[in-house]
Amino acid sequence: MNKAIRILFAGCLAVGMIWAADVTGKWSADFQAPNGNTFHTVFNLKANGDKLTGTVSGPRGGETEISDGKVDGKNVSFKVVREYNGNQVTMTYEGQVDGDVLHLTVKREGGEGGGPGGRGGARQFDAKRSS
668 MNKAIRILFA GCLAVGMIWA ADVTGKWSAD FQAPNGNTFH TVFNLKANGD
718 KLTGTVSGPR GGETEISDGK VDGKNVSFKV VREYNGNQVT MTYEGQVDGD
768 VLHLTVKREG GEGGGPGGRG GARQFDAKRS S
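Mapping to this note's numbering: the sequence shown position 92 is 759, numbers consecutive.
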């Protein structure tokens with residue numbers, strides 16, 4: 668009986684690993700801001716179990732470490748904290764991996780300010796795997 672339970676448990680773990688999406692890699696996205704400008708963003712992500720780490724580089728230059736990164740099957744979420752005009756701005760990203768496309772929603776925490784995910788609320792966009 669114990670052997671059967673162990674085999675069943677191992678099988679369930681294997682199925683869970685098969686269904687978990689591979690978010691590790693470089694992802695590129697172009698999306699339009701409320702002011703009509705197009706922004707190019709690169710996400711370098713690495714999954715380790717249910718943890719997600721990496722960087723985001725955007726139109727204002729430089730790479731920024733992500734924080735609070737999580738992976739749950741095909742679902743991913745993380746935050747990016749940047750300084751803008753002397754203020755700390757936190758952007759929350761949530762989405763799903765679908766093969767070589769990462770469907771994301773971004774929103775600015777605490778307000779309706781300008782920029783992607785700010786004025787006008789959450790923004791949806793797709794990032795494509797580039798490596």
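Glycine included, C-beta positions come from ideal geometry on N, C-alpha and C.
These numbers were taken from a predicted model, which means no experiment stands behind them.
Cβ-based neighbour list, residue i, same chain, cut-off 7 Å, excluding 5 preceding and 5 following
i	result
His770	Gly762, Gln763 and Asp793
Gly692	Leu712, Arg796 and Ser798
Own chain residues within Cβ distance below 8 Å of residue i, not counting five before or after
i	result
Gln755	Val748 and Arg749
Start-to-end residues for the beta strand (DSSP E) that takes in residue i
i	result
Gly736	Glu730 to Asp739
Glu761	Asn754 to Asp765
Ser724	Lys718 to Ser724
Asp689	Careful: Asp689 lies outside any beta strand (DSSP E) and carries neither H nor E.
Glu750	Asn742 to Tyr751
Distance, residue j Cα to residue i Cα
i	j	result
Ser724	Glu732	9 Å
Ser695	Val773	15 Å
Leu675	Tyr751	Unreliable positioning characterises Leu675 in this predicted model, as indicated by a pLDDT of 45, which lies under 50. The coordinate reading is nonetheless provided below. Each residue's Cα considered, the two are about 52 Å apart.
Met684	Gly753	With a pLDDT of only 42 at Met684, under 50, the local geometry of the prediction cannot be trusted, and no value is derived from it.
Gly703	Pro726	14 Å
Glu776	Thr759	7 Å
Outcome for residue i when other beta-carbon atoms lying within 10 angstroms are tallied against a minimum of 16
i	result
Gly721	buried
Beta carbon proximity, residue i to chain C, threshold 8 Å
i	result
Gly716	In the structure shown, chain C cannot be found, because there is only a single protein chain.
Checklist entry - Do the stretch 701 to 711 and the stretch 734 to 744 meet, that is, are 3 or more Cβ pairs less than 8 Å apart? => result Three or more beta-carbon pairs separated by less than 8 Å are not found between the stretch 701 to 711 and the stretch 734 to 744, which leaves the two stretches without contact.
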